[in-house]
Amino acid sequence: MAVDVEVLKAQQRELAKRVRLEDGFKRVRYVAGGDLTFLNIRKTPTRGLGAFVVLDVLRGDVVEEVVEEDEVKFPYIPTFLAYRELPLLVKAFKKLRSRPDVVLIDGQGIAHPRGLGIASHFGVYFNLPTVGVAKSRLIGEYEDPPPYGISPLRHRGKRIGWVLRKGKGKSLLFISPGHLVSLKSSLDIVRGILARGLTLPTRLAHNLLQEERRKRLR
DNA sequence: GCGACAG
DNA sequence: ATCTTGTCGC
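With the working numbering applied, the first sequence covers -14 to 203.
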């Protein structure tokens, strides 16, 4: 039988009660970024690769990289992304020996119908400060931000995140707090990295995965 | 019922 | 997410 989404919704609502939007970090020096890729996206049990890259924002270099591989059986269902990607993200994160101050996850934080995007889910699971960094919108309304500008992401009248435009004619970035990070800090953390001319660790993890994927594809 | 819908 | 090189624009 298929997936019982009602049970998962109840679980998400329960976990969402644990999400805290007060800053729970002392500094933002070691920032980790996590992402996943799949060897064959058309099949649904498929092989997945998960990676984390830890960036030292102060020195501007990469401190640690890890990659893990596993079978991914859960399908992609909008608003239930974590059930597909969290297991491998958890496995990869446990392989890290350094302890990042904040973790960026590819996907939404609280900008989710039940307030529990994958970044929040991951944050509650490890009780660590997390921020969701997505390339497209799941929920919320916003005004198109000007080049190099930002605009708030709102849902039901309240702010749930930010939309950032890196440059002229460039694509958008959807930022939202995951867990133990305030709305303001979620934006400051991301802008702090970009302002130093650094690549977001989520992007570094993505790049690392593309290389690993090509290797194992032959 | 219809359209939207992270990766 | 993936399939895919060069190419147009700043």
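Glycine included, C-beta positions come from ideal geometry on N, C-alpha and C.
Quiz prompt | Proximity of A204 and G163 at Cβ, strictly below 7 angstroms | solution = No information on residue 204 is available, as it lies outside the stretch -14 to 203 that the chain covers here.
Quiz item: Taking all protein chains shown into account, do 16 or more other C-beta atoms lie within 10 angstroms of the C-beta of I62, making it buried, or fewer, making it exposed?
Solution: In the first sequence, counting from the first residue as 1, residue 62 sits at position 77. Burial is judged here by how many other beta carbons sit within 10 angstroms of a residue's own beta carbon; I62 has fewer than 16 and is exposed.
Practice problem: Sort out for me which residues DSSP pairs R150 with in a bridge. | Solution: As a first step, residue 150 must be located in the first sequence, where it is residue number 165. Note: R150 sits in a beta bridge opposite L157.
Exercise. Taking 8 angstroms as the threshold, find out whether the segment 94 to 112 comes into contact with the segment 68 to 84 through three or more Cβ pairs.
Key: Enough Cβ pairs lie closer than 8 angstroms, so yes.
Practice problem: Rounded to whole angstroms, what's the CA-CA distance from A36 to P85? Just pull it up for me. | Solution: Within the first sequence, residue 36 is the residue found at index 51, counting from 1. Within the first sequence, residue 85 is the residue found at index 100, counting from 1. Approximately 14 angstroms between the Cα atoms of the pair.
Quiz item: Should the segment 48 to 57 be called in touch with the segment -5 to 12, which here means at least 3 C-beta pairs below 8 angstroms?
Solution: They do not touch, by the three-pair rule.
Quiz item: Between R150 and P132, is the Cβ-Cβ spacing less than 7 angstroms?
Solution: The count along the first sequence starts at 1 and reaches residue 150 at position 165. The count along the first sequence starts at 1 and reaches residue 132 at position 147. Yes, Cβ-Cβ distance for R150 and P132 is below 7 angstroms.
Exercise. With a threshold of 16 other CB atoms inside 10 Å of the CB of E(-9), please say whether the residue is buried or exposed.
Key: Counting from 1 along the first sequence, the entry for residue -9 is found at position 6. Exposed, since its Cβ has fewer than 16 Cβ neighbours within 10 Å.
Quiz item: Straight-line CA distance for T64 to Q93?
Solution: In the first sequence, residue 64 corresponds to position 79, counting from 1. In the first sequence, residue 93 corresponds to position 108, counting from 1. T64 and Q93: Cα-Cα distance of roughly 9 angstroms.
Self-check item: Range covered by the beta strand (DSSP E) that runs through Y15
Solution: Along the first sequence, one-based indexing puts residue 15 at 30. Membership of Y15 in the beta strand (DSSP E) is indicated by the continuous run Y15 to F23.
Quiz prompt | Whole-angstrom distance between K28 and E196, CA atom to CA atom | solution = Residue 196 sits at position 211 when you count from the first residue of the first sequence. Residue 28 sits at position 43 when you count from the first residue of the first sequence. Taken atom to atom, the span from the alpha-carbon of E196 to that of K28 is near 21 angstroms.
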